[in-house]
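So the structure is just underneath, and the comments pick up after that.
There are 2 protein chains.
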Amino acid sequence: MKITLAQLSFHTGNFAGNTQKMLAALQLAKTEGSDLIVFSELATCGYPARDFLEFQDFILESKKCIEAIAVHCHGIAAIVGSPEPNPKIEGKDLFNAAFFLQDGRVKQIIKKTLLPNYDIFDEYRYFEPNHIFDLVEYKGVKIALTICEDLWNIDDNPMYLTTPMDELIKLGPDLIINIAASPYSKTQIQTRQEVIMKNAAKYNLPVFYVNHIGAQTHLVFDGGSCVADKNGDVFDELAYFEEDQKTYTFESGKVELLNKIASKVTQRNQWQDLEAALVLGVRQYFQKLSFNKAILGLSGGIDSALVTYLAVKALGKENVLPVLLPSQFSSDHSINDSKALCNNLELPFETIPIEQVYTNFMKALDPFFKDTAFGLAEENLQSRTRGVLLMAMANKHGYILLNTTNKSELAVGYGTLYGDMCGGLSVIGDLYKTEIFELCNYINRNQEIIPIHILQKEPSAELRPNQKDSDSLPAYEILDQIIYYYIEERLGPQQIIQKGFEAQLVQKTLRMINMNEWKRWQAPPVIRLSKKAFGPGRRVPISGKYLN
Amino acid sequence: MKITLAQLSFHTGNFAGNTQKMLAALQLAKTEGSDLIVFSELATCGYPARDFLEFQDFILESKKCIEAIAVHCHGIAAIVGSPEPNPKIEGKDLFNAAFFLQDGRVKQIIKKTLLPNYDIFDEYRYFEPNHIFDLVEYKGVKIALTICEDLWNIDDNPMYLTTPMDELIKLGPDLIINIAASPYSKTQIQTRQEVIMKNAAKYNLPVFYVNHIGAQTHLVFDGGSCVADKNGDVFDELAYFEEDQKTYTFESGKVELLNKIASKVTQRNQWQDLEAALVLGVRQYFQKLSFNKAILGLSGGIDSALVTYLAVKALGKENVLPVLLPSQFSSDHSINDSKALCNNLELPFETIPIEQVYTNFMKALDPFFKDTAFGLAEENLQSRTRGVLLMAMANKHGYILLNTTNKSELAVGYGTLYGDMCGGLSVIGDLYKTEIFELCNYINRNQEIIPIHILQKEPSAELRPNQKDSDSLPAYEILDQIIYYYIEERLGPQQIIQKGFEAQLVQKTLRMINMNEWKRWQAPPVIRLSKKAFGPGRRVPISGKYLN
Chain X
142 MKITLAQLSF HTGNFAGNTQ KMLAALQLAK TEGSDLIVFS ELATCGYPAR DFLEFQDFIL
202 ESKKCIEAIA VHCHGIAAIV GSPEPNPKIE GKDLFNAAFF LQDGRVKQII KKTLLPNYDI
262 FDEYRYFEPN HIFDLVEYKG VKIALTICED LWNIDDNPMY LTTPMDELIK LGPDLIINIA
322 ASPYSKTQIQ TRQEVIMKNA AKYNLPVFYV NHIGAQTHLV FDGGSCVADK NGDVFDELAY
382 FEEDQKTYTF ESGKVELLNK IASKVTQRNQ WQDLEAALVL GVRQYFQKLS FNKAILGLSG
442 GIDSALVTYL AVKALGKENV LPVLLPSQFS SDHSINDSKA LCNNLELPFE TIPIEQVYTN
502 FMKALDPFFK DTAFGLAEEN LQSRTRGVLL MAMANKHGYI LLNTTNKSEL AVGYGTLYGD
562 MCGGLSVIGD LYKTEIFELC NYINRNQEII PIHILQKEPS AELRPNQKDS DSLPAYEILD
622 QIIYYYIEER LGPQQIIQKG FEAQLVQKTL RMINMNEWKR WQAPPVIRLS KKAFGPGRRV
682 PISGKYLN
Chain A
142 MKITLAQLSF HTGNFAGNTQ KMLAALQLAK TEGSDLIVFS ELATCGYPAR DFLEFQDFIL
202 ESKKCIEAIA VHCHGIAAIV GSPEPNPKIE GKDLFNAAFF LQDGRVKQII KKTLLPNYDI
262 FDEYRYFEPN HIFDLVEYKG VKIALTICED LWNIDDNPMY LTTPMDELIK LGPDLIINIA
322 ASPYSKTQIQ TRQEVIMKNA AKYNLPVFYV NHIGAQTHLV FDGGSCVADK NGDVFDELAY
382 FEEDQKTYTF ESGKVELLNK IASKVTQRNQ WQDLEAALVL GVRQYFQKLS FNKAILGLSG
442 GIDSALVTYL AVKALGKENV LPVLLPSQFS SDHSINDSKA LCNNLELPFE TIPIEQVYTN
502 FMKALDPFFK DTAFGLAEEN LQSRTRGVLL MAMANKHGYI LLNTTNKSEL AVGYGTLYGD
562 MCGGLSVIGD LYKTEIFELC NYINRNQEII PIHILQKEPS AELRPNQKDS DSLPAYEILD
622 QIIYYYIEER LGPQQIIQKG FEAQLVQKTL RMINMNEWKR WQAPPVIRLS KKAFGPGRRV
682 PISGKYLN
């Protein structure tokens, strides 16, 4: 039997587009004489469709996709992920299902058992878990067809009471197929491969794994579909961060790649992956919203330099407009470094000094500001003046403003809401300041793209004379670690202090994090790169009183 | 046996404060000779604690509250809601539990079976559902102790496969106690009473029901704890929208109110409840963040007028600063109506004309705007100039800016992000424009508080000469219905058209709603008043392609 893995980028709610894409892949598989083509989880409607799943209309459109694909399934079968209404009145209204299409019709519907409901996942919001276990029999091969999380309950601390493969293995399957929508994070590629290998080894079966690729708002799906043999070795992978399709043969328990030499499974470079994830995240955000032009403010600092580079890679230099917005507090090097960056990227830029507008704001506010010292209000005012100018240009000429906030400042609230926190998409809001330096060094590995002076100088917001980030924040090397332990490892204050950090510093940092939740509530979507990003994957109260 | 219902306002994460509050209530109940005091769901840590529940430290602090209360439980028992770690490695790490405290210690722990995971609820994110059913026996009385949702699976379309009371009734209980954190919405008070009555009647048992009261960020809990007799009649209620405590006697299956005459259950006035919910929502947002002063822009329109009135009720007139921000497009009546409102509310106000700053912005932008027509960019620029001025004043003098966006504009994107969408809290973001008129008429029922001209004139954003909302939007009477069917009833386009609305208008409206998701992602928290508010209860992709 020949099995084709089709790793495609689906667009949430774009039923016609998704169907067309699957039909083209099906056609290609037919020309290779494939017996079965496998698409990823919830391929018809896109993943995550979120509350669109609560609309009957949306479910009907998904159903129509299935029908449109089924009629082409002659001489070939297809596995397509799609939502399926629950026929019983008890329980949630839907199942997260895998449709087995054969002979022009739906032959079997397999339902997802384990519904992730943590971090960015909300599947139990929509779906009823499966309790009945069946194999799919096709051309004499017994397939254990599973959906994403169904293979993931193999840790020492299992989150679910059921392990679907423990049930399915009793029915004597010949192979495992898993259709997934497993988003990228810095550690996910390795974890995911381990999960697939563990399943292959534990059940002594080959695994065919098809993941989604593409970006949806805050999530990036990296693809990396793969095939593992029954020894638990991953022996071939599809591409990462792009669409791909490959066909394998499966004969008497052995799997081989059709027509090609199986790729040696690649050792991943984490910075290369990170850059690819960011580029894909930006590119598809624009594509899926039918925009193509980005604008952003260039401060002379490392954050906006990195976002400019990424935007150029994602959208092309003809579609990126950097704007310098100097004030009386801007240093010469800020302006020169920004210009050097644009020069390196062959990028035209614009300059709008903000002093005049800022002075006029201060004049208007004089009755309420007089006799007060220069402080946070004045700092924010400069930042907001820049935000308004950038948004005006964006509105006038159809740009999306890119946000350049990093995770360290987003955590402790070192940023101005409606100022530098403006933007349609936070590109690097899930990268710590220290990681940003590392990524820029990686980008500069062959030639200086980010001007070296930007990497060497001390970070500064330049909102008052001679200001440095280190005036109000601990050194990023320390700060980033405390934030990491609190946000990503979810350790409490005592546990972090026990790691060797100064107690007062830990308490102050956690207090800043919790006090600034009101700002993050209004932050743009952040491209998720870690196992815990700010945004929908982290949900805390604003008006709580915990560690603050 | 004497049973005390304690309906208290808990503060998320404020363990010391919550414990103190419960101990004071316990002391009071002791003086009444009560045998049992009942507190609401997750009383120790507050509801909803959201992802704070993922911190071991947070759970330990909750546990310490339980211990602190338990030592005072001599001669009286207490039921306290609190999270409890799951001792098994399989499943989620916590239970949502009710602790039965007696003789100075934890006598029994009852766990929640049904975990709401829809709309604003995420309980399956944190908790493992209960599968074991036990009664609590105390002083010869067998108590079916249930937690909130556990009583709610009695509809024709049950969401869960288990109905806890169907299991508990087999064990022969004498009464039902339910501890809850059931948030207010316009229809919730009636629905909730019906659920309690249905349970009492179905199981032929009295029900003691204790709900949370108070506001947490976007949620308002209205209280309305009550007692139903076994015929299913609610015979007594505690207060709505305030803390309350009452003691009842329960003897041989009969329940009576101690020392007082049972209140006839009140007929609710929906506008009075709505106003009370809004006032409580604003008041506790400020209290819980340790702020007391609000600032807001007064446009001369009905939305900012209503929010000013509500802020005065919530915070006192000495703590509310309205600011008039007229432009060259502001009509005389806008200014006069705003002044009349402030006069009616005896409220000093400030005025900052924006023309000078706006002109300077336009000058700075001239290189990029020249030869373009006045349009959306210029309109937004005015709105953002106002936003910056208000935020500057807020930052300088420690105000929270109140947002005055309504649900109709939030739906169709008729508002400026970082402009009139600024603010720490969206007060009326879950009220349709048509509801705002009705609420203002209710507020004016005895005397003119909101100037009548504000209610009579045509709504206008006044961002260009002679602009009217009706230039770009359908009449609110029609628009609000379409939005309601789509957002709250979750009907698709065809279903709405079948209700008799023009097809093109429906499609255009739904398109506007879906296209403007990017703005709502960055909107302030909206006080939830309906069964589907914008915010955490409604989660849709930005970059989807569905009806847009």
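Those protein sequences? They're chains X and A, same order as listed. Residues in the first sequence are numbered from 142 upward in steps of one, following this note's numbering. Residues in the second sequence are numbered from 142 upward in steps of one, following this note's numbering. Note that beta-carbon positions come from the ideal geometry of N, C-alpha and C, so glycine has one too.
Lys387 of chain A to Thr145 of chain A, Cα distance in whole Å?
-> Position 246 of the second sequence holds residue 387 of chain A. Position 4 of the second sequence holds residue 145 of chain A. Answer to the nearest angstrom: the Cα atoms are 6 Å apart.
So which residues on chain A does Ala518 of chain X lean against when the C-beta distance must stay under 7 Å?
-> Translated into the one-based positions of the first sequence, residue 518 of chain X becomes position 377. Near Ala518 of chain X (Cβ distances below 7 Å), the residues of chain A are Ala533, Asn536, Lys537.
Write down every uninterrupted run of the alpha helix (DSSP H) in the region 247-317 of chain X whose length is 4 residues or greater and which is fully enclosed by it, in chain order.
-> 305-309
DSSP bridge partner residues for Glu378 of chain A (one or two, in chain order) | Within the second sequence, the letter at position 237 stands for residue 378 of chain A. Beta-bridge pairing links Glu378 of chain A to A:Cys367.
If you draw a straight line from the C-alpha of Ile569 of chain X to the C-alpha of Ser479 of chain X, how long is it?
-> Taking the first sequence and counting its residues from 1, one reaches residue 569 of chain X at position 428. Taking the first sequence and counting its residues from 1, one reaches residue 479 of chain X at position 338. Roughly 18 Å separates the two Cα atoms.
Evaluate the contact criterion for the region 644-656 of chain X versus the region 522-535 of chain X: three or more CB pairs, one atom per stretch, below 8 Å.
-> no
Distance, Cα to Cα, Ile541 of chain A vs Pro189 of chain X?
-> Translated into positions along the second sequence, residue 541 of chain A becomes position 400. Translated into positions along the first sequence, residue 189 of chain X becomes position 48. Cα to Cα, Ile541 of chain A sits roughly 35 Å from Pro189 of chain X.
Within the same chain, show all residues whose beta-carbon is closer than 8 Å to that of Val647 of chain A, passing over the 5 residues directly before and after it, in chain order.
-> By one-based count along the second sequence, residue 647 of chain A stands at place 506. If we look at Val647 of chain A and ignore the five residues flanking it on each side, its Cβ neighbours are Ile623, Pro634, Ile637, Ile638.
Hey, does Asn587 of chain X have any beta-carbon neighbour from chain A nearer than 8 Å?
-> The residue labelled residue 587 of chain X in the question sits at position 446 within the first sequence. Judged by the 8 Å Cβ criterion, Asn587 of chain X is not in contact with chain A.
Partner residues on chain X for His152 of chain A, Cβ-Cβ distance less than 7 Å = Numbered from 1 along the second sequence, position 11 holds the residue referred to as residue 152 of chain A. Here the neighbours are Lys686.
Go through its chain and collect everything with a Cβ distance to Gln523 of chain A's Cβ below 7 Å, but skip five positions before and after it.
-> Locating residue 523 of chain A in the second sequence gives position 382, counting from the first residue. Answer for Gln523 of chain A: Ser468, Ile495, Tyr499, Leu604, listed in chain order.
Using the Cα positions of Gln243 of chain X and Trp659 of chain A, report the straight-line distance between them to the nearest angstrom.
-> As a working mapping, residue 243 of chain X is identified with position 102 in the first sequence. As a working mapping, residue 659 of chain A is identified with position 518 in the second sequence. Distance between the alpha carbons of Gln243 of chain X and Trp659 of chain A: 40 Å.
What are the boundary residues of the beta strand (DSSP E) that Thr145 of chain X is part of?
-> The residue given as residue 145 of chain X occupies position 4 in the first sequence. From DSSP, the beta strand (DSSP E) with Thr145 of chain X extends over 143-148.
What span of residues does the beta strand (DSSP E) with Glu225 of chain A cover, start to end?
-> Position 84 of the second sequence, counting from 1, holds the residue named residue 225 of chain A. Looking at the DSSP string, the run of the beta strand (DSSP E) that includes Glu225 of chain A is 218-226.
Check the Cβ of Phe196 of chain A against every Cβ in chain X and list those closer than 7 Å, keeping chain order.
-> Mapped onto the second sequence, residue 196 of chain A falls at position 55. Near Phe196 of chain A (Cβ distances below 7 Å), the residues of chain X are Arg631, Gly633.
Pick helix, strand or coil for Ala616 of chain A, following the three-state DSSP scheme.
-> To locate residue 616 of chain A, count along the second sequence from 1; it is residue 475. Reduced to three states, the DSSP call for Ala616 of chain A is coil.
For Gln357 of chain A, decide whether its Cβ has a neighbour in chain X, counting only Cβ atoms nearer than 8 Å.
-> Taking the second sequence and counting its residues from 1, the one referred to as residue 357 of chain A is at position 216. Closer than 8 Å: yes.
Tell me which same chain residues have a C-beta within less than 6 Å of the C-beta of Lys162 of chain A, skipping the five on either side of it?
-> Residue mapping note: residue 162 of chain A aligns to position 21 of the second sequence, counting from 1. Around Lys162 of chain A: Leu149.
Chain X within 8 Å of Gln249 of chain A, Cβ atoms only = As a first step, residue 249 of chain A must be located in the second sequence, where it is residue number 108. For Gln249 of chain A, the answer is no, since every Cβ of chain X falls outside 8 Å of its Cβ.
When the Cα atoms are used, what is the spatial distance from Phe240 of chain X to Asn227 of chain X?
-> Start at 1 with the first residue of the first sequence, and residue 240 of chain X comes out as number 99. Start at 1 with the first residue of the first sequence, and residue 227 of chain X comes out as number 86. Their backbone Cα atoms lie some 14 Å apart in a straight line.
Quick one: grab the DSSP three-state call for Asp385 of chain A.
-> By one-based count along the second sequence, residue 385 of chain A stands at place 244. Asp385 of chain A falls in the strand class under three-state DSSP.
Nearest residue (CA-CA) to Leu558 of chain X, options A:Asn607, A:Gly516, A:Ser549, A:Asn536 = For the purposes of this step, residue 558 of chain X is taken as residue 417 along the first sequence, with counting starting at 1. Looking at the Cα atoms, A:Asn536 is the closest of the given residues.
Cutoff 8 Å; reference Glu392 of chain A; Cβ partners in own chain excluding five residues on either side | Indexing the second sequence from 1 puts residue 392 of chain A at position 251. Met142.
Give me the Cβ distance between His353 of chain A and Phe199 of chain A, rounded to the nearest whole Å; I'm assuming they're in contact under 8 Å.
-> As a first step, residue 353 of chain A must be located in the second sequence, where it is residue number 212. As a first step, residue 199 of chain A must be located in the second sequence, where it is residue number 58. About 18 Å separates the two Cβ atoms, so there is no contact after all.
Can you list the residues of chain A that Lys429 of chain X reaches, using a CB-CB cut of under 8 Å?
-> The count along the first sequence starts at 1 and reaches residue 429 of chain X at position 288. Those within 8 Å of Lys429 of chain X in chain A are Ser684, Gly685, Lys686.
Inside the region 550-597 of chain A only - alpha helix (DSSP H) runs reaching at least 4 residues = 574-584, 593-597
In chain order, what residues of the same chain have a beta carbon less than 6 Å from the beta carbon of Val453 of chain A, not counting five sequence neighbours either side?
-> For the purposes of this step, residue 453 of chain A is identified with residue 312 of the second sequence, where counting begins at 1. Result list for Val453 of chain A: Val461, Leu486, in chain order.
Does the separation of the CB atoms of Val179 of chain X and Ile220 of chain X fall below 8 Å?
-> In the first sequence, residue 179 of chain X corresponds to position 38, counting from 1. In the first sequence, residue 220 of chain X corresponds to position 79, counting from 1. In this structure, Ile220 of chain X lies closer than 8 Å to Val179 of chain X by Cβ.
Within 10 angstroms of the Cβ of Val464 of chain X, are there 16 or more other Cβ atoms? Answer buried if so, exposed if not.
-> Within the first sequence, numbered from 1, the residue matching residue 464 of chain X stands at position 323. Classification of Val464 of chain X: buried, given that the 10 Å Cβ count is 16 or more.
Using a cut-off of 8 Å between C-beta atoms, extract the partners of Phe199 of chain A located in chain X.
-> For the purposes of this step, residue 199 of chain A is taken as residue 58 along the second sequence, with counting starting at 1. Going along chain X in sequence order, the residues near Phe199 of chain A (Cβ under 8 Å) are Gly633, Tyr687.
Assumed close pair Asn294 of chain A, Thr304 of chain A - CB separation to whole angstroms, cut-off 8 Å | Looking up residue 294 of chain A in the second sequence gives position 153. Looking up residue 304 of chain A in the second sequence gives position 163. At roughly 5 Å, the Cβ-Cβ gap stays under 8 Å, so Asn294 of chain A and Thr304 of chain A are in contact.
Option nearest Lys598 of chain X by Cα separation, candidates X:Pro615, X:Ser472, X:Phe262, X:Ala184 = For this step, residue 598 of chain X is matched to residue 457 along the first sequence. If we check each option's Cα against that of Lys598 of chain X, X:Ser472 comes out closest.
Tell me, please, whether the CB atom of Val498 of chain A is closer than 8 Å to any CB atom in chain X?
-> Within the second sequence, numbered from 1, the residue matching residue 498 of chain A stands at position 357. Yes, because at least one Cβ of chain X sits closer than 8 Å to the Cβ of Val498 of chain A.
Cα-Cα separation between Lys434 of chain X and Leu566 of chain X, rounded to whole angstroms = Counted from its first residue, the first sequence places residue 434 of chain X at position 293. Counted from its first residue, the first sequence places residue 566 of chain X at position 425. Distance between the alpha carbons of Lys434 of chain X and Leu566 of chain X is about 13 Å.
In DSSP terms, what Leu542 of chain X is bridged to | Position 401 of the first sequence, counting from 1, holds the residue named residue 542 of chain X. Per DSSP, X:Ile436.
Anything in chain X within Cβ reach of Asp192 of chain A, meaning under 7 Å, just list it in chain order.
-> Here residue 192 of chain A refers to the residue found at position 51 when the second sequence is read from its first residue. Simply Arg679, Arg680, Val681.
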